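*Asks:* Each residue of the sequence shown is one higher than the one before, starting from 5 at the first, in my numbering.
In this text, a Cβ means the ideal position worked out from N, Cα and C, and glycines have one as well.
Being a predicted model, the structure only gives us computed values, none of them experimental.
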Amino acid sequence: MRSSITMAALAAVLAGAATEGGCTGIAVRPLGTLASGQAVEGVTLTNDRGMTLSYMDYGATITGATVADRNGRRDNVMLHLPDLAAYERSKTKYAAVIGRYAGRIGNARYTLDGKTVELIPNAKGLTIHGGPDGYEKRVWQRRDFTDKASLGSVYTLVSPDGDQRFPGTVTIEVTYRLQRASDEFSMEYAVRTDAPTVVNLTNHGYFNLSGAGSGGLASHRFCIAASRYAVTDENRVPTGALAPVAGTVLDLRRPTVIAPLLTRPSPLLGDPPGFDHSYLFDQPGSRVAVIDDSVSGRRLEIVSSAPSAQFYTGNGFNGSERGTSGKPYDKYDGFAFETQYLPDSPNHPDFPSTAVYPGQVQRTMTSFRFSTVPRDGSGGACMPSVR
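1. Of the residues Thr70, Asp348, Gly46 and Ala127, which one's Cα is nearest the Cα of Thr243?
2. Bridge partners for Phe341 per DSSP, in chain order?
3. Along the beta strand (DSSP E) that carries Tyr283, what are the first and last residues, could you check?
4. Could you tell me whether the Cβ atoms of Asp61 and Arg146 are closer together than 8 Å?
5. Mind checking Thr252: buried by the 16 CB within 10 Å criterion, or exposed?
6. Can you name the residues that DSSP bridges to Asp297?
7. Among His84, Arg74 and Leu88, which one has its Cα closest to the Cα of Gly41?
8. Could you give the residue range of the beta strand (DSSP E) that holds Arg184?
9. Do the CB positions of Val202 and Leu116 come within less than 8 Å of each other?
10. Assign Gln366 to buried or exposed, taking buried as 16 or more other Cβ atoms, counted over all protein chains shown, within 10 Å of its Cβ.
11. Going by DSSP, name the residue or residues bridged to Pro332.
12. Going by alpha carbons, who is nearest to Thr236 out of Gly301, His281 and Val121?
13. With DSSP collapsed to three states, give me the class of Thr96.
14. Please state whether DSSP places Thr80 in a helix, a strand or coil.
15. Indicate whether Met82 and Phe211 have their beta-carbon atoms separated by less than 8 Å.
16. Can you check DSSP and say which residues form a bridge with Gly68?
17. Compute the Euclidean distance between the alpha carbons of Gly25 and Ala230, then round it to the nearest angstrom.
18. Using DSSP's beta-bridge definition, name the partner residues of Ala216.
19. For Phe4 and Leu346, I'd like the C-alpha separation in whole angstroms.
20. Quick check: the Cα distance between Val294 and Pro353, rounded to an integer number of angstroms?
21. Let me check one thing: in DSSP terms, what residues is Asp148 bridge-paired to?
22. Three Cβ pairs or more, each shorter than 8 Å: is that satisfied between the segment 290-306 and the segment 271-279?
23. Would you tell me roughly how many angstroms separate the C-alpha atoms of Val249 and Gln287, rounded to the nearest one?
24. So, with DSSP's three-state summary, where would you put Lys119?
25. Excluding sequence positions up to five away, which residues of its chain have a Cβ less than 6 Å from the Cβ of Met55?
26. Using only the alpha-carbon positions, how far apart do Ser382 and Arg303 sit?
27. Evaluate the contact criterion for the segment 356-365 versus the segment 118-131: three or more CB pairs, one atom per stretch, below 8 Å.
28. As a quick exercise: from Trp144, Leu155, Lys152 and Gln168, pick the residue whose alpha carbon is nearest that of Val162.
29. Which residue marks the beginning of the beta strand (DSSP E) containing Tyr193, and which one marks its end?
30. Closer than 6 Å by C-beta to Arg225: which residues in its own chain qualify, once you throw out the five before and the five after it? Chain order, please.
What follows is the structure in structure tokens.
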């Protein structure tokens with residue numbers, strides 16, 4: 005039997021309602037049970053500035069990030085669903101951890117060290133996000149923590165040998181960390197294995213800096229510090245070519261309002277148009293993207309050690325799902341910036357390697373820092389700047 009937290013109660017979690025979480029600044033609340041009978045808890049972190057970050061054990065899914073606009077008003081800038089049952093039904097993977105391999109693997113197979121691994125193909129004969137029974141549909145184990153500068157949780161998942169047909173028992177730790185003194189949170193990944201395998205993790209979060217459910221991306225300006233993108237075939241599987249963005253609609257190295265580009269079809273954006281492309285960063289470990297919103301005045305700066313990101317403009321939203329505001333999520337109502345390794349990397353030796361071996365730890369980290377845009381609009385460029 006399934007039970008689920010009410011919309012009002014989940015909204016309270018997203019707002020940081022107080023419960024006994026055992027750690028200062030950490031509130032924990034039961035969200036109900038899944039159809040399997042597994043209980044799920046939700047967590048809300050609150051920092052010294054009043055920013056909150058909320059997530060739940062199901063899929064290690066982030067359910068909200070409330071940050072201030074230029075007038076000090078705080079809104080949830082991450083698209084989310086109203087209750088646990090809605091997440092269990094959804095196939096959209098809102099802000100969940102994706103694995104064992106985020107993105108596409110062509111022909112549902114790869115070869116590592118001379119051994120070919122056959123994965124689970126979909127109807128098009130390729131593997132997407134690792135295949136069925138993805139990590140976003142599992143209940144992760146959680147340990148909450150606080151330290152002088154931050155607070156958060158460490159999520160752990162053990163993926164057994166043969167899971168989704170991938171070799172090796174893989175132990176994954178995902179840390180969500182909210183800074184106490186700044187409106188900034190990070191996602192930190194650590195992967196260990198007992199046999200050679202490939203792993204590519206990401207978070208499938210969608211943002212709208214005007215607030216979730218506020219509408220499209222017309223007021224957003226994007227800057228991505230990437231000079232190349234991965235060329236793909238008709239099934240959006242990389243061909244192995246890394247082409248320059250210069251001279252194309254994909255060139256976002258300077259702050260760009262992309263809304264006009266989404267009104268007209270083009271060879272790279274498709275028909276109907278939309279971004280769904282893998283960008284290879286010029287300098288991982290630096291500031292790789294800056295997004296501004298002229299309506300709210302919010303700015304999001306992204307720093308990542310990952311080599312690339314999938315930039316997606318919510319092309320598949322169709323109004324069938326709603327957040328706690330009750331407003332439907334329609335096409336282009338949010339954007340995803342999924343820092344990760346490139347899709348199909350195991351089949352392209354020139355791509356950054358996703359191979360993990362016993363005794364090694366695959367680590368990546370991405371931070372999301374929120375602020376407000378200066379009145380003169382300065383600081384929006386995203387050329388690499390090591391912090």
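*Replies:* Let me spell this out:
1. Asp348
2. Phe315
3. Asp280 to Phe285
4. yes
5. exposed
6. His224
7. Leu88
8. No beta strand (DSSP E) holds Arg184; DSSP gives it neither H nor E.
9. yes
10. buried
11. Arg326
12. His281
13. coil
14. Checking the sequence shown, residue 80 turns out to be Asn, not Thr. In the structure shown, Asn80 sits in a strand (DSSP, three-state: E or B).
15. yes
16. Ser58
17. Low per-residue confidence applies at Gly25: pLDDT is 39, beneath 50, and the placement is therefore not dependable, though the value from the model is reported in the following sentence. Distance between the alpha carbons of Gly25 and Ala230: 41 Å.
18. In DSSP, Ala216 forms no bridge with anything.
19. Since the first and last residues shown for the chain are 5 and 391, residue 4 lies out of range.
20. 30 Å
21. Ser157
22. no
23. 15 Å
24. strand
25. Val71 and Asp187
26. 11 Å
27. no
28. Trp144
29. Glu188 to Thr197
30. Pro259, Val261 and Asp296
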